[in-house]
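Structure first, then comments.
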Amino acid sequence: MATLKDLRGDQPTWCPGCGHFSIMAGIQKSIISLGYEPHEFAIISGIGCSGKVSEYVRTNGYHTIHGRSIPVAQGAKMGNPDLKIIASGGDGDGYGIGLGHFVHASRRNIDMTYIVMDNNIYGLTKGQTSPRSEHGFVTKTTKDGNKEYPVDPISTSIANGATFVAQGFAGDIKQMNDIIARAIEHKGFAHVNIFSPCVTFNKVNTYDFYKEHLTKIEKPFTDRNEALATVRSHQGMVTGVLYEEERAHYQEKLGIDFDMQSCVSGKMN
Ligand code: SF4
Ligand code: MG
Numbered sequence: 001m002a003t004l005k006d007l008r009g010d011q012p013t014w015c016p017g018c019g020h021f022s023i024m025a026g027i028q029k030s031i032i033s034l035g036y037e038p039h040e041f042a043i044i045s046g047i048g049c050s051g052k053v054s055e056y057v058r059t060n061g062y063h064t065i066h067g068r069s070i071p072v073a074q075g076a077k078m079g080n081p082d083l084k085i086i087a088s089g090g091d092g093d094g095y096g097i098g099l100g101h102f103v104h105a106s107r108r109n110i111d112m113t114y115i116v117m118d119n120n121i122y123g124l125t126k127g128q129t130s131p132r133s134e135h136g137f138v139t140k141t142t143k144d145g146n147k148e149y150p151v152d153p154i155s156t157s158i159a160n161g162a163t164f165v166a167q168g169f170a171g172d173i174k175q176m177n178d179i180i181a182r183a184i185e186h187k188g189f190a191h192v193n194i195f196s197p198c199v200t201f202n203k204v205n206t207y208d209f210y211k212e213h214l215t216k217i218e219k220p221f222t223d224r225n226e227a228l229a230t231v232r233s234h235q236g237m238v239t240g241v242l243y244e245e246e247r248a249h250y251q252e253k254l255g256i257d258f259d260m261q262s263c264v265s266g267k268m269n
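Letter by letter, the sequence shown follows residues 1 to 269 of the numbering used here.
And the structure:
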């Protein structure tokens, strides 16, 4: 059985207190608690502070380009359906340049887990307004306050067909770890948005802010409209598994039982 030592990769260089630490640990602990070995996983990450997770968790992995973790992850899953796939990245990566991929993966329902480390800002590039920054948010790039409104990620995946949608908070480790483990075990596209405070550049969306504003939803909805109504009525400030449905995923629908040996030898089944 895998241990934490087996799953430790490079030494993280994140700022002390960054929410990404507990998300990384949540991924490692979930792999262990579910009884998997590191080689059974591939973690595909995008660009940003969060993107380093594929180097810090020692499984198969690929640190790909900005906003493209989902298409690379889908390719990995199609190439080797036996791999458990986690795509991961930040809010700028996934809900900015990567937003189209996110919508299409939701409706495609490919069997993978997508974990977004949402800190409402661009952290790696030193604190610019992101697609998840609130209206009026002040940064170096929006000195008079953000004139735009943020992307609503969980409503987007619920509305576009994802079969597992959850939201966690890096400051609530027990709930977050439970969500990550359930997402990994879900058959189909599992979207997990995790509020992950950037303690260096975001002085608004702090641990205290989330503790004050978040409401826990105890039971997932099986009706998309009810899930959407609940998310909207709380302005997205909810945590828990919000929507869950059993539905044949993409590869089951295609009937693909891909044999890598046949592929390599040129004999397709
Ligand atoms: Fe985390 Fe922000 Fe530091 Fe990046 S800049 S490591 S997101 S605290
Ligand atoms: Mg970010």
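Quick reminder that beta carbons are idealized off the backbone N, C-alpha and C, glycines included.
Every value quoted in this text rests on a predicted model; they were computed, and no experiment measured them.
Nonlocal neighbours in the same chain, by C-beta distance under 8 angstroms from residue i, ignoring five residues either side
i    : result
V72  : I44, Y62, T64, A87
L34  : A181, I184, E185
L228 : S155, I158, A159
Neighbourhood of residue i by C-beta distance below 7 angstroms, restricted to the same chain and skipping five residues each side
i    : result
P150 : P131, R132, S133, E134
F201 : I121, G123, K126, G127
Close beta carbons around residue i, own chain, < 6 angstroms, minus the five adjacent residues each side
i    : result
A105 : I70, F189
D40  : Reading off the sequence, residue 40 comes out as Glu, not Asp. Closer than 6 angstroms at Cβ, skipping near neighbours: K84.
M1   : none
E37  : A2
G90  : G48, S50, M117
Terminal residues of the beta strand (DSSP E) in which residue i lies
i    : result
M112 : 112-118
E244 : 238-244
A42  : 41-45
G270 : Outside the shown range of the chain, which is 1 to 269, sits residue 270, and nothing can be said about it.
Residue i classed as buried or exposed, judged by whether at least 16 other C-beta atoms fall within 10 angstroms
i    : result
E244 : buried
L242 : buried
M268 : Below a pLDDT of 50, predicted positions are generally treated as unreliable, and M268, at 46, falls in that range; the measurement from the model is reported next regardless. The residue is exposed, with fewer than 16 neighbouring Cβ atoms inside 10 Å.
H249 : buried
M176 : buried
N193 : buried
K52  : buried
S233 : exposed
Residue i - containing alpha helix (DSSP H), residue span
i    : result
I70  : 69-79
K253 : 250-254
S133 : Taken as a continuous stretch (DSSP letters only), S133 belongs to no alpha helix (DSSP H), as it is neither H nor E.
G19  : It is not in any alpha helix (DSSP H) - G19 carries neither H nor E in the DSSP assignment.
E55  : 53-56
E275 : Given that the chain is displayed from residue 1 to residue 269, the structure contains no residue 275 and the question cannot be resolved.
V103 : 99-108
I158 : 153-159
T230 : 224-233
K5   : 4-7
Beta bridge counterpart(s) of residue i as assigned by DSSP
i    : result
E192 : A quick correction: the sequence has Val, not Glu, at residue 192. V192 is bridged to I115, A166.
T215 : V238
G89  : V116
Chain C contact for residue i (CB, 7 angstroms cutoff)
i   : result
I44 : Checking the listed chains, one finds no chain C in this structure; it contains a single protein chain.
Specify which residues have a beta carbon nearer than 5 angstroms to any heavy atom of the ligand SF4, listing them in chain order. W14, C15, C18, C49, G123, C198, V199, T200
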